[in-house]
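First to last, the sequence lines map onto chains A and B. Numbering-wise, my numbering comes out as the position in the first sequence, counting from 1, plus 53. Numbering-wise, my numbering comes out as the position in the second sequence, counting from 1, plus 1. Just so it is clear, CB atoms sit at the ideal spot from N, CA and C, and this is done for glycine as well. So the structure is just underneath, and the comments pick up after that.
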Amino acid sequence: MSRKHDEWGWMLAADFFFAGLGGAMLAIAGIADLFLGDAQTSVLGNFAGAIFIAIGAGLLILELGRPFQAFRVFMNPKSILTFGAWNMTFAIIAGLLFASFGITILPWSGFILVRKFLAAFCVIFGLVVATYPGVLLARHKARPFWNGPGIMVLFFLSSFITGMAGHILSGYVIGESSWFIAEGYIVSSFSSLVLQDLPHLTAIMLLFQLIFWAGYIWIKRSGGTEREAEAAQRWVNGDLSASFQLGFILLGTIVPIVLLLFTTPAIHSVGACLAILGGAIMRYLVVRAGEDRTWLPGEQKYRSRLPVGDEEFLKVWK
Amino acid sequence: MARYAMVIDTRRCIGCQSCTVACKVHNELPVDMIYNPVTTVGPTGVFPNLHMVHIPLLCMHCENTPCVDACPTGASLRREDGIVWIDEKKCVGCKACVMACPYGARIFNQEKGIVQKCDFCLDRVEKGNIPRCVQSCHQKARIFGDLDDPNSEVAKLKNSHHTVRLLDELGSKPSVFYIYGLEARMK
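Here is the structure:
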């Protein structure tokens, strides 16, 4: 029996990842523009924020059972998914418009007040988009690993780490394509203090992430219910432990911390790539952890007896 | 307005799964989908005092519905009579309700691309009939009716026996009540 019947697939994890990455990139770009001045983040990074959210929305649509009916997800204002869908839409529009101000040949690029308004919208919608997946998961009462506000904080933190890493990477790529900037088409961010300081700030946030995750797993292991402790055990020495410890903690957190403490932009960009990879691995593992539900009496034994790997047979049978 | 509920007397259930089969046939479900599984707890205890309980599971038709709140399309609905159902035309198969349901009562139908669940055989109830699983239970372990009618069997059983609701601590207030003969051994 396929697991598709009762759980989300990898595309939803990818949606959470891209939404977090893109939302945080927009929020960072907006905050930098509002409080620190023009061209603090690269034009590529500003565009990438909106595009990443759009990619996430696309993956969310593909995850649906009826993708061509996707417009219906905007219908129920009480649902947090509807709230997220509307905010993703607004964030994509605000992000693309805001980023377009960095292209100097466009006639509206000089309208500073409009740009500031768009930057404020980017901050608001970006923050919501970066946070809502965590809120969505935290409200699942019968999913012991997700339930509680902790997962929201971890998602928010990871979103900002990947967002900062995204801007580091975009700044590096733009720096390598300086001939384009020299032509005068886009606003230069070479002298940006934000981009210069981001690697160290990202390293500090990664350290916070390491501490928060250790605390989260520890609390869950000694948590309120037996099921919560069992769910956390999967991350310590269960089926998720190798990916969590080697993929997320070592490769996606500790190694980037070290690399981001160097002073070479090329090494920073490698560290940023690894931090982004860590964010993607984390989202995938957290969505996988949703398999753990508080069992009803006898349900675990019942489910363990259901056939596994008979998808091909069922396809032929139909 | 009626307030539909079901009482399941686990002292009577023998785990024959006829309700599971009747439901599957009535709702024309694919091979790999079940609305009404019957789980078994036990045997527990020490010989010769061994005990086993069968627990039919289904949608609990909760009063506080996490699934309805989670549905972004408005396809999941709760009627005034307490029946929670899915408007299949509106469902896009996002599985938000599947994940939100604490009872695992919602299943994604891969053929149709939508989520489906037990609706207390809404088509039958609207015609004044009882759900198919209740009709097929030869042990009379499933009792269906209007909780607001003091003369109904469900109301009498609920008021005269110690009934429990599954995962009641989550606050979803299910409309399915269980009479456990052996509740002390269920844990």
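Whole-angstrom distance between residue j and residue i, CA atom to CA atom
| i | j | result |
| --- | --- | --- |
| residue 201 of chain A | residue 340 of chain A | 15 Å |
| residue 192 of chain B | residue 317 of chain A | The requested residue 192 of chain B is not part of the displayed model; chain B covers only 2 to 188. |
| residue 187 of chain B | residue 173 of chain A | Low confidence applies to residue 187 of chain B: its pLDDT is 49, below 50, so where it sits in the model is not reliable, and the reading given next is rough at best. Distance between the alpha carbons of residue 187 of chain B and residue 173 of chain A is about 56 Å. |
| residue 332 of chain A | residue 175 of chain A | 21 Å |
| residue 106 of chain A | residue 182 of chain A | 8 Å |
| residue 171 of chain A | residue 222 of chain A | 23 Å |
| residue 249 of chain A | residue 126 of chain A | 40 Å |
| residue 2 of chain B | residue 345 of chain A | 38 Å |
| residue 72 of chain A | residue 109 of chain A | 6 Å |
| residue 94 of chain A | residue 224 of chain A | 7 Å |
| residue 81 of chain B | residue 46 of chain B | 43 Å |
| residue 161 of chain B | residue 13 of chain B | 16 Å |
| residue 301 of chain A | residue 194 of chain A | 26 Å |
| residue 79 of chain A | residue 190 of chain A | 22 Å |
| residue 271 of chain A | residue 283 of chain A | 12 Å |
| residue 66 of chain B | residue 321 of chain A | 48 Å |
| residue 185 of chain B | residue 41 of chain B | Note that residue 185 of chain B has pLDDT 45, beneath the 50 cutoff, so the model's placement of it is unreliable and the number below is only indicative. Distance between the alpha carbons of residue 185 of chain B and residue 41 of chain B: 15 Å. |
| residue 59 of chain A | residue 164 of chain B | 29 Å |
| residue 48 of chain B | residue 57 of chain B | 26 Å |
| residue 23 of chain A | residue 144 of chain A | The requested residue 23 of chain A does not occur in the structure, where chain A is confined to residues 54 to 371. |
| residue 161 of chain A | residue 88 of chain A | 21 Å |
| residue 18 of chain B | residue 104 of chain B | 19 Å |
| residue 251 of chain A | residue 70 of chain B | 39 Å |
| residue 150 of chain B | residue 54 of chain B | 29 Å |
| residue 88 of chain B | residue 153 of chain A | 42 Å |
| residue 70 of chain A | residue 106 of chain B | 28 Å |
Cut-off 7 Å between Cβ atoms - residues of its own chain near residue i, not counting five sequence neighbours on either side
| i | result |
| --- | --- |
| residue 21 of chain B | 35, 37, 38, 39 |
| residue 62 of chain A | 116 |
| residue 72 of chain B | 97, 98 |
| residue 296 of chain A | 334, 338 |
Neighbourhood of residue i by C-beta distance below 6 Å, restricted to the same chain and skipping five residues each side
| i | result |
| --- | --- |
| residue 68 of chain B | 77, 98, 101, 102 |
| residue 273 of chain A | 281, 285 |
| residue 203 of chain A | 269 |
| residue 200 of chain B | Look at the range of chain B in this structure, 2 to 188, and you will see that residue 200 of chain B is not part of it. |
| residue 180 of chain B | 10, 162, 164 |
Where residue i falls, given that 16 or more other Cβ within 10 Å makes a residue buried
| i | result |
| --- | --- |
| residue 172 of chain B | exposed |
| residue 121 of chain A | exposed |
| residue 15 of chain B | exposed |
| residue 255 of chain A | buried |
| residue 208 of chain A | buried |
| residue 353 of chain A | exposed |
| residue 11 of chain B | buried |
| residue 261 of chain A | exposed |
| residue 68 of chain A | buried |
| residue 220 of chain A | buried |
| residue 1 of chain B | Residue 1 of chain B is absent from the structure shown; chain B starts at 2 and stops at 188. |
| residue 86 of chain A | buried |
| residue 92 of chain A | buried |
| residue 370 of chain A | exposed |
| residue 158 of chain A | exposed |
| residue 192 of chain A | buried |
| residue 99 of chain A | buried |
| residue 4 of chain B | buried |
| residue 314 of chain A | exposed |
| residue 436 of chain A | Chain A is shown from 54 up to 371; residue 436 of chain A falls before or after that span and cannot be answered. |
| residue 278 of chain A | exposed |
Cβ separation of residue i and residue j, assumed to be a contact under 8 Å, to the nearest whole Å
| i | j | result |
| --- | --- | --- |
| residue 59 of chain B | residue 347 of chain A | Their Cβ separation, rounded to whole angstroms, is 17 Å, which puts residue 59 of chain B and residue 347 of chain A out of contact at 8 Å. |
| residue 27 of chain B | residue 176 of chain B | That pair is no contact at about 20 Å. |
| residue 215 of chain A | residue 328 of chain A | 6 Å |
| residue 206 of chain A | residue 133 of chain A | Their Cβ separation, rounded to whole angstroms, is 17 Å, which puts residue 206 of chain A and residue 133 of chain A out of contact at 8 Å. |
| residue 114 of chain B | residue 118 of chain A | 3 Å |
| residue 121 of chain B | residue 8 of chain B | Not confirmed; about 13 Å, so no contact. |
| residue 179 of chain A | residue 90 of chain A | Wrong, their Cβ atoms sit about 19 Å apart, outside the cutoff. |
| residue 196 of chain A | residue 343 of chain A | 5 Å |
| residue 217 of chain A | residue 81 of chain A | 6 Å |
| residue 336 of chain A | residue 101 of chain A | About 18 Å separates the two Cβ atoms, so there is no contact after all. |
| residue 155 of chain A | residue 239 of chain A | 5 Å |
Close-in-space but distant-in-sequence residues of the same chain around residue i (CB under 8 Å, 5 per side omitted)
| i | result |
| --- | --- |
| residue 123 of chain B | 84, 86 |
| residue 150 of chain A | 171 |
| residue 23 of chain B | 133, 134, 136, 137 |
| residue 174 of chain B | 63, 64, 65, 166 |
| residue 312 of chain A | 320, 321, 323, 324, 327 |
Please list the segments of the alpha helix (DSSP H) lying wholly inside the region 97-155 of chain B, counting only runs of 4 or more residues, in order along the chain. 97-101, 123-126, 133-137
Please give the ranges of any beta strand (DSSP E) in the region 124-205 of chain A, keeping only runs that are unbroken, at least 3 residues long and fully inside the region. none
If you scan the region 275-362 of chain A from start to end, which runs of the alpha helix (DSSP H) of 4 or more residues do you find wholly inside it? 279-290, 308-313, 318-342, 352-357
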